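Mapped onto mature numbering (1 follows the signal peptide of the UniProt record, and there is no 0), the consecutive letters of the sequence shown carry residue numbers -31 to -1, 1 to 307.
Yeah, the Cβ is synthetic: ideal placement off N, Cα and C, and Gly gets one too.
All values derive from a computational prediction rather than experimental measurement.
The next block holds one structure in the form of structure tokens; read it before the comments.
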Amino acid sequence: MRLAPPPSAHSLRLVIVVILVMGASPSPAMSSGCPDRCVCDDQRVVQCAGQHLTRFPADLPLTTRQLIISNNRIAELPPLALNYLSDLVYLDCSNNSLTELSESTFGNLRQLAYLDLSFNTLTRVEDRTFGPLASLVMLRLTDNPGLADIHPDAFSENAALQVLDVSRNNLTALNVSSLVALPALRSMGLSGNPWSCACDNEDLCLWVHVEGFKFQEEGQTVCGAPADLRGRRVAEVGPGLRARCHQALGSWDYLFFILIGFVIFAAGTVSAWGMGVVMVLYERYVKRKDAQGDPEGGGRGEAEGEGGERVEMGRTGRTSSEGRGHPGNGDRKASHGV
Ligand SMILES: *[C@@H]1O[C@H](CO)[C@@H](O)[C@H](O)[C@H]1NC(C)=O
Ligand SMILES: *[C@@H]1O[C@H](CO)[C@@H](O)[C@H](O)[C@H]1NC(C)=O
Ligand SMILES: *[C@@H]1O[C@H](CO)[C@@H](O)[C@H](O)[C@H]1NC(C)=O
């Protein structure tokens, strides 16, 4: 019923047919009609859901704000055609056969606020794919059963992102370093993935533990590995994982400290031994010198003796002078007596 084109669309289609017949294939920049099997309304909504499309619809109105191409078998989003739609705010590509997105797929969609890529066959999300989507508020990326790899910086430039759903994919780990930094993010869907509850995914487990309220279906966000934690809630294992991973790190630290301790101990022992040897050798040297110095010690005694002699000489000098004085005195006495 939705397929029944309104008369205006019908006449537009006639115009396009005429143009085609005339051999002038319309460039995307000139198209203003509505694509085959789609319904276009005056709210600038183009609805092409469930039309067995295998290709992205051609000749979309350039002013399209909402494009719904869900429930088809479209295998590719052609960057050229898509990026003419610079007014696009809402894009629903869910339930198609998309296997790949490139850096240029969304290169010009700066107004895009809603993007749905759920129920496709994507296997990975690269670094720059969503980079240009500066206005993106909600991204649904669920139910891609082979999706196992999301680049750590895949969402780092989507500063407006509020809702990110990557539920029911094949993800085992997600580097959350850029996600936790997104200022507006308030809702995350992670359930139905075979999450690794090992140290490689420790940060995600802790994040779910700490900010559990942010996560949709947190109860179904469970570990897929290792075997002993399978089925346990990711949030529940977060703190234990932190302790376990840092203890593992700690044992290396301990080993390091033991090694350092041993080196310091060995260096201390060796230097103490060296000091001991030097002390003993010095003492021996001094003793030997003393032992050898007994004859030489006489010489030293002589030197002392010389000093003593000098003193004695001084004394004798004095005594002699006294002696001389005495006779003088005696002389004076004698003279006095005379
Ligand atoms: C996907 O689209 C097909 C039609 O192409 C439909 O039969 C099917 O129910 C849709 N699946 C979901 C999950 O919407
Ligand atoms: C999911 O990933 C595992 C390896 O981690 C792989 O063996 C499995 O086939 C993948 N599942 C799908 C549906 O691609
Ligand atoms: C996460 O990604 C950032 C940026 O790419 C990187 O610096 C960091 O080491 C990664 N963390 C882990 C645990 O792999």
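### Nearest residue (CA-CA) to Ser55, options Ile229, Asn113, Pro101, Val145
In the sequence shown, counting from the first residue as 1, residue 55 sits at position 86. If we check each option's Cα against that of Ser55, Pro101 comes out closest.
### Query
According to DSSP, what are the bridge partners of Met244?
Along the sequence shown, one-based indexing puts residue 244 at 275. DSSP output for Met244 lists no bridge partner at all.
### Task
Count the other C-beta atoms from every protein chain shown that fall within 10 angstroms of the C-beta of Leu250, then say buried if there are 16 or more, exposed otherwise.
Numbered from its first residue, the sequence shown carries residue 250 at position 281. Label assigned to Leu250: exposed.
### Task
Report the partner residues of Ser165 according to the DSSP bridge assignment.
Sequence index remark: in the sequence shown, residue 165 carries index 196 (1-based). Paired residue(s): Ala194.
### Query
Do Asn139 and Leu116 come within 8 Å of each other at the CB atom, strictly closer than that value?
Along the sequence shown, one-based indexing puts residue 116 at 147. Along the sequence shown, one-based indexing puts residue 139 at 170. Going by C-beta atoms, Leu116 is nearer than 8 Å to Asn139.
### Query
Given 8 Å as the limit, is there contact between the stretch 82 to 102 and the stretch 124 to 139, that is, 3 or more CB pairs closer than that?
yes
### Message
Using C-beta distances below 6 Å, list every residue in its chain close to residue 308, excluding the 5 sequence neighbours before and after it, in chain order.
### Response
The structure shown has nothing for residue 308, since the chain only spans -31 to 307.
### Query
When the Cα atoms are used, what is the spatial distance from Val8 to Asn170?
For the purposes of this step, residue 8 is identified with residue 39 of the sequence shown, where counting begins at 1. For the purposes of this step, residue 170 is identified with residue 201 of the sequence shown, where counting begins at 1. Their Cα atoms are separated by approximately 45 Å.
### Query
Hey, Phe25 and Leu46: beta-carbon distance below 8 Å or not?
Here residue 25 refers to the residue found at position 56 of the sequence shown. Here residue 46 refers to the residue found at position 77 of the sequence shown. Against a cut-off of 8 Å, the Cβ pair of Leu46 and Phe25 comes out as a contact.
### Query
Is Gly19 near ligand 1, with its Cβ less than 7 Å from a heavy atom?
Position 50 of the sequence shown, counting from 1, holds the residue named residue 19. Checking every heavy atom of ligand 1 against the Cβ of Gly19, one is found closer than 7 Å.
#### Entry: C-beta neighbour in chain D for Tyr254, strict 8 Å
Checking the listed chains, one finds no chain D in this structure; it contains a single protein chain.
### Message
Only counting the same chain, and skipping five residues up and downstream in sequence, which positions put a Cβ closer than 7 Å to that of Arg199?
### Response
Indexing the sequence shown from 1 puts residue 199 at position 230. If we look at Arg199 and ignore the five residues flanking it on each side, its Cβ neighbours are Cys192, Gly193.
### Query
Does the beta carbon of Asp122 fall short of 7 Å from some heavy atom of ligand 3?
Here residue 122 is taken as the residue at index 153 of the sequence shown, counted from 1. Asp122: yes, Cβ under 7 Å from ligand 3.
#### Entry: Nearest-angstrom Cβ-Cβ length linking Pro121 and Ser104, presumed shorter than 8 Å
Taking the sequence shown and counting its residues from 1, the one referred to as residue 121 is at position 152. Taking the sequence shown and counting its residues from 1, the one referred to as residue 104 is at position 135. About 22 Å separates the two Cβ atoms, so there is no contact after all.
### Query
Which residues mark the beginning and the end of the alpha helix (DSSP H) in which Val145 is found?
The count along the sequence shown starts at 1 and reaches residue 145 at position 176. Looking at the DSSP string, Val145 is not in any alpha helix (DSSP H), and its letter there is neither H nor E.
### Query
Counting along the chain, where does the beta strand (DSSP E) carrying Asp61 start and finish?
Counting from one through the sequence shown, the residue named residue 61 turns up at place 92. First-last of the beta strand (DSSP E) with Asp61: 59 to 61.
### Query
If you draw a straight line from the C-alpha of Arg79 to the C-alpha of Ala129, how long is it?
Start at 1 with the first residue of the sequence shown, and residue 79 comes out as number 110. Start at 1 with the first residue of the sequence shown, and residue 129 comes out as number 160. Approximately 11 Å between the Cα atoms of the pair.
### Query
Exposed or buried, Val239, counting other C-beta atoms within 10 Å across all chains shown (16 or more means buried)?
Locating residue 239 in the sequence shown gives position 270, counting from the first residue. Classification of Val239: exposed, given that the 10 Å Cβ count is below 16.
#### Entry: Paired residues, beta bridge with residue 308 - DSSP
Residue 308 lies beyond the range of the chain shown here (-31 to 307); nothing can be said about it.
### Query
Taking Cβ to Cβ, would you say Pro4 is nearer than 8 Å to Leu29?
Numbered from its first residue, the sequence shown carries residue 4 at position 35. Numbered from its first residue, the sequence shown carries residue 29 at position 60. Yes, Cβ-Cβ distance for Pro4 and Leu29 is below 8 Å.
### Query
Does the separation of the CB atoms of Leu81 and Leu60 fall below 8 Å?
Here the question's residue 81 lines up with position 112 in the sequence shown. Here the question's residue 60 lines up with position 91 in the sequence shown. Cβ atoms of Leu81 and Leu60: closer than 8 Å.
### Task
Could you please give the first and the last residue of the uninterrupted alpha helix (DSSP H) stretch that includes Leu51?
The residue given as residue 51 occupies position 82 in the sequence shown. Leu51 -> alpha helix (DSSP H) spans 48 to 51.
### Query
When you compare each of Gln12, Asn65, Val206, Glu72 to Ile38 by their alpha carbons, which one comes out closest?
Position 69 of the sequence shown, counted from the first residue, corresponds to residue 38. The residue with the shortest Cα to Cα distance from Ile38 is Asn65.
### Query
For the candidate residues Asn41, Ala50, Thr111, Val14, whose alpha-carbon lies nearest to that of Thr33?
Reading the sequence shown from its first residue, position 64 is the one you call residue 33. Nearest option by C-alpha distance: Val14.
### Query
Of all the options Phe99, Leu224, Ala50, Val149, which has the alpha carbon lying nearest to the alpha carbon of Leu70?
For the purposes of this step, residue 70 is taken as residue 101 along the sequence shown, with counting starting at 1. Comparing Cα-Cα distances from Leu70 to each of Phe99, Leu224, Ala50, Val149, the minimum goes to Phe99.
### Query
In this structure, what does DSSP give as the bridge partners for Gly158?
For the purposes of this step, residue 158 is taken as the residue at position 189 of the sequence shown. Answer is Asp134, Gln185.
### Task
Decide if Arg42 is buried, meaning its Cβ has at least 16 other Cβ atoms within 10 Å, or exposed.
Looking up residue 42 in the sequence shown gives position 73. Arg42 should be labelled exposed.
### Query
Cβ-heavy atom distance between Asp28 and ligand 3 below 7 Å?
If you number the sequence shown from 1, residue 28 lands on position 59. Flag unset: Cβ of Asp28 not near ligand 3.
### Message
Using a Cβ-based criterion (distance less than 7 Å to any ligand heavy atom), does Asn89 qualify as near ligand 1?
### Response
For the purposes of this step, residue 89 is identified with residue 120 of the sequence shown, where counting begins at 1. No; taking the cut-off as 7 Å, the Cβ of Asn89 has no heavy atom of ligand 1 nearer than that.
### Query
Taking Cβ to Cβ, would you say Asp118 is nearer than 8 Å to Arg93?
The residue you call residue 118 lines up with position 149 of the sequence shown. The residue you call residue 93 lines up with position 124 of the sequence shown. Cβ distance < 8 Å, so Asp118 and Arg93 count as in contact.
### Query
Just the Cα atoms here: how many angstroms apart are Gly274 and Arg257?
On the sequence shown, residue 274 is found 305 positions in, with the first residue counted as 1. On the sequence shown, residue 257 is found 288 positions in, with the first residue counted as 1. Low confidence applies to Gly274: its pLDDT is 42, below 50, so where it sits in the model is not reliable enough to give any reading.
### Message
What does the alpha-carbon distance come out to for the pair Cys166 and Ala142?
### Response
Numbered from 1 along the sequence shown, position 197 holds the residue referred to as residue 166. Numbered from 1 along the sequence shown, position 173 holds the residue referred to as residue 142. Going by the C-alpha atoms only, they are around 9 Å apart.
### Task
Identify whether Gln261 lies in helix, strand or coil by the three-state DSSP scheme.
Within the sequence shown, residue 261 is the residue found at index 292, counting from 1. Here Gln261 sits in helix by DSSP.
### With 16 other Cβ atoms within 10 Å as the buried cut-off, status of Met244
Residue mapping note: residue 244 aligns to position 275 of the sequence shown, counting from 1. By the 10 Å Cβ count, Met244 comes out exposed.
#### Entry: Leu51 beta carbon less than 8 Å from that of Thr23
Residue mapping note: residue 23 aligns to position 54 of the sequence shown, counting from 1. Residue mapping note: residue 51 aligns to position 82 of the sequence shown, counting from 1. Not a contact, by the Cβ cut-off of 8 Å.
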